[in-house]
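Sequence order for the protein chains is H and P.
In my numbering, each residue's number is its place in the first sequence (first place is 1) plus 411.
In my numbering, each residue's number is its place in the second sequence (first place is 1) plus 411.
For glycine and all other residues, C-beta sits at the position ideal for the given N, C-alpha and C.
Bear in mind that the values here come from a model prediction, so they are computed numbers and not experimental data.
2 protein chains.
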Amino acid sequence: MFFEDFDSVQLKNQLSGNRFRVIYRLSGEEAEARNKATDICTEQTVEFPVRFLPSGAIREQIVGCIERFEQQNETNWLATISYADEIAAGEWTQFLNVVFGNISIKQGIQVVGIQPSQRIIEQLPGSRFGVDGIRKLVKIPMRPLLFTALKPMGLSARNLAKLAEQFAEGGIDIIKDDHGLSDQCFAPFEERVLRCAAAVHEVNARTKRNTIYVPNITSPIELFFERAVRAKELGAGGFMVTPGLVGWDALRRLAQMQLGLPIIAHPAFIGSYAINSQGISCRVLFGTLMRLAGADATIFPNYGGRFPLSQEDCREIVIASREKLGTLPAIFPCPAGGMELKNIRDMVQNYGNDMLVLIGSGLFSYSDNLIDNCRTFLEEIEHSCLPTN
Amino acid sequence: MFFEDFDSVQLKNQLSGNRFRVIYRLSGEEAEARNKATDICTEQTVEFPVRFLPSGAIREQIVGCIERFEQQNETNWLATISYADEIAAGEWTQFLNVVFGNISIKQGIQVVGIQPSQRIIEQLPGSRFGVDGIRKLVKIPMRPLLFTALKPMGLSARNLAKLAEQFAEGGIDIIKDDHGLSDQCFAPFEERVLRCAAAVHEVNARTKRNTIYVPNITSPIELFFERAVRAKELGAGGFMVTPGLVGWDALRRLAQMQLGLPIIAHPAFIGSYAINSQGISCRVLFGTLMRLAGADATIFPNYGGRFPLSQEDCREIVIASREKLGTLPAIFPCPAGGMELKNIRDMVQNYGNDMLVLIGSGLFSYSDNLIDNCRTFLEEIEHSCLPTN
């Protein structure tokens, strides 16, 4: 009655029939959970009461469709809802909106799985390097990689380069900026990247190793892509990006630009999605979304450190970093957040060799000699390493 | 012992002594809450054990400082923590990181207040139009403004323009795209904005009113600023942006570009921060942060509709949209999310005249004549309007 001039046939012809799927965990009694599933189908698409919709293609194809509904446990249900590829418009921003836009403001809903269609995956850059690409860069074919961070904030660029030099000397494979280092007056971006990259290259020339320095390029959006290009010119071996700060879409765009260096994603600012029961599961947030957006390694707060994730949460992130996802390569999970040498054996047993073991301030606690401490880290990794991948 | 070459005097000279403050609600027993406060001071800055820090300026000025610690209620404490302006580096991305980066992954912490220093406010664009600027555009000096959305998704650009025409004819002040309309093949951005803006301008010419059409420009970051410029060329009267999708920093950058049109912010995808006890309070998320980032109006899910916010949450958002925040103007709160005509009186009583009343699909439920329904909406607003601001 309101949309007499709506042409359902025309719309139908514009839709391919391909759909992507999202799995939601819904809490409550069965009837309540079923209502939530039905509500999601309209809230994430037409935002309109079905009774007022014109008949035809909008009701049949634009409104989300419950493909599956099953009990997970006493108080939770799993609903698989499919959406027409075309409503994501080939845009990562709109894809995220369909997955969890308005319903991020509703109770008792958690995104626990994303099954993008082949077309959606083709539209996204996805990870370009992944595990194999990063291993080739540092020329370490099998063991877990040694990963650390330049800190504390407040040091000068010169101080940080000195640290980088010691880390490289001690055998760290990947040295990143602490994620809080951006362009502070006491360690400006340009000077920091120049000095740290140079320090690492000098050590590499001597040791014949292939340590890379990965600066944090998270920055105001008008500088972000510029900083990536500049970092590469200055000798960076990768980029660290915090999508929660610069935007998920900035990460996606950076990956799409194919600057020829791997991207390591940092989890800051997005924790609220993961540690609350309403939100996005750790598996999807730190695994699936990071891969789709183009990260080659995903830093996550490992259990047993300073953060509250459970062993099960962490195991799921690692699974998500490797499971089949279209044609995308497996990426490196990077357990972090208060890890120490004593955690290594457990990490390797649980996660296997394909990971970056991030030990930051933990590296300072063994002796006064940072180079020695790095060597102990390497020994511990080599001792714990599994015989095969 | 690790940082012999660190020069504390040099760092001290680089710091202005100006600090910004963040208020955190911390849950638990007093001792636990105090520990959390202490932990935040390092986690958000140096990410390093204090015992290993060099003495001097890093300990004294870079590490966050607990300015105040008080009991809020039986299980909650309020800690005011200050940070040196310089660690935010003049960057909105890094400012957000200091406020809630890593601790977004920790339990029992909620950001409930932000007190930026004058310098931080000067570095940010902040709202440019605010309430007064938008009122001048639509030439409505006092009453609440009528706000609606073009939907449902699936309609063609031509269909949507027809709707826009009827809304304008009926007296709506601001007509926005539904936030899910981006650049779908069935209603492409360019054609949609062209047709809808033209339709509204034609009606305005006839009615001598000043209705504005506000398209959704949320889009991939490489297209976002382009779409803003193009939307203005095509006759848009403002921009709708979802910072959760395109990035908080894209909103900030858009405001800074001063394109001469107001920005309306949409809350999609960031709900998880607000509806969980761990996160960012509604007041800060939908109020303070939106103003600092440059929104001129903030859409929020009002209580009594389809979303779970409490009356108190909503009242706080409205307060935050108007309270003193440096020299920034008050912005329009936009109660939304399943509002109907029957909610208007209550909204006006609670929030006053300075708001955009967003009624979307509710406008379809009164009669088959959309123009008549808009007129009823206008009458209801005029009847409910308070005699003064």
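- Between the C-alpha atoms of I675(H) and T559(H) there is a straight-line separation of about 12 Å.
- Taking 7 Å as the threshold, the shortest C-beta distance from D589(P) to chain H falls below it.
- Using a Cβ-Cβ cut-off of 7 Å, E727(H) does not count as an interface residue toward chain P, since no Cβ of chain P sits closer than that to its own.
- Pairing E790(P) with L774(P), the inter-Cα distance amounts to about 13 Å.
- Buried is the label assigned to Q689(P), since at least 16 other Cβ atoms lie within 10 Å of its Cβ.
- Spanning the alpha carbons of V433(P) and A661(H) requires a straight line of approximately 27 Å.
- Contacts between S630(H) and chain P, judged by CB atoms closer than 7 Å, involve E502 and T504 in chain order.
- Note on G648(P): 16 or more other CB atoms within 10 angstroms of its CB, so buried under the neighbour-count rule.
- Between E458(H) and P563(P), the beta carbon gap of about 7 Å places them in contact (Cβ cut-off 8 Å).
- CA-to-CA, the gap between V549(P) and G582(P) works out to about 11 Å.
- The beta carbon of T787(P) sits closer than 7 Å to the beta carbons of L752 and Y777 from its chain, once the five residues preceding and following it are set aside; these are given in chain order.
- If you check the CB distance, F480(P) and A490(P) come in under 7 Å.
- The beta carbons of P673(H) and F540(H) sit about 4 Å from each other, so the pair counts as a contact at 8 Å.
- The closest CA to that of L437(P), considering only I514(P), L720(P) and T456(P), is found on I514(P).
- L696(P) places its beta carbon 7 Å or farther from that of Y714(P).
- For Y762(P), the secondary structure class from DSSP, reduced to helix, strand or coil, is helix.
- Listed along chain P are Q425 and E497, each with a C-beta nearer than 7 Å to that of C596(H).
- The DSSP-derived three-state label of G690(P) is strand.
- Under the Cβ distance rule, G773(P) does not count among the residues neighbouring chain H, no pair being separated by less than 7 Å.
- For L489(H), the enclosing beta strand (DSSP E) covers residues N487 to A495.
- Taking 7 Å as the threshold, the shortest C-beta distance from K562(P) to chain H falls below it.
- The beta carbons of L656(P) and A679(P) sit about 7 Å from each other, so the pair counts as a contact at 8 Å.
- Taking 7 Å as the cut-off, the Cβ atoms of N687(P) and N570(H) do not count as close.
- In chain order, I532, G537, S538, G541, R702 and L703 place their CB closer than 8 Å to the CB of L739(P), counting only its own chain and leaving out the 5 sequence neighbours on each side.
- When 8 Å is used as the limit between beta carbons, K573(H) is near these residues of chain P: D416, in chain order.
- Assigned with DSSP and collapsed to three states, S438(H) falls in strand.
- Taking the beta carbon of T787(P) as reference, no residue of chain H falls within 7 Å; the closest one sits roughly 15 Å away.
- In terms of CA proximity to S493(P), V509(P) leads the group K547(P), W503(P), V509(P) and T486(P).
- Beta-bridge analysis with DSSP links V768(P) to L557(P).
- In chain order, G737 place their CB closer than 7 Å to the CB of Q529(H), counting only its own chain and leaving out the 5 sequence neighbours on each side.
- Within chain P, the C-beta atoms nearer than 8 Å to that of G512(H) come from H590, G591, T653, G655, L656, A679 and F680, in chain order.
- Under the three-state reduction of DSSP output, R479(P) falls in the strand class.
- Buried is the label assigned to I770(P), since at least 16 other Cβ atoms lie within 10 Å of its Cβ.
- Under the Cβ criterion of 7 Å, V461(P) is not counted among the residues facing chain H.
- For E751(P), no chain H residue has a Cβ inside 7 Å of its Cβ, as the nearest lies near 12 Å away.
- Nearest in C-alpha terms to P712(H), of all of M750(H), Q483(H), A741(H) and R430(H), is M750(H).
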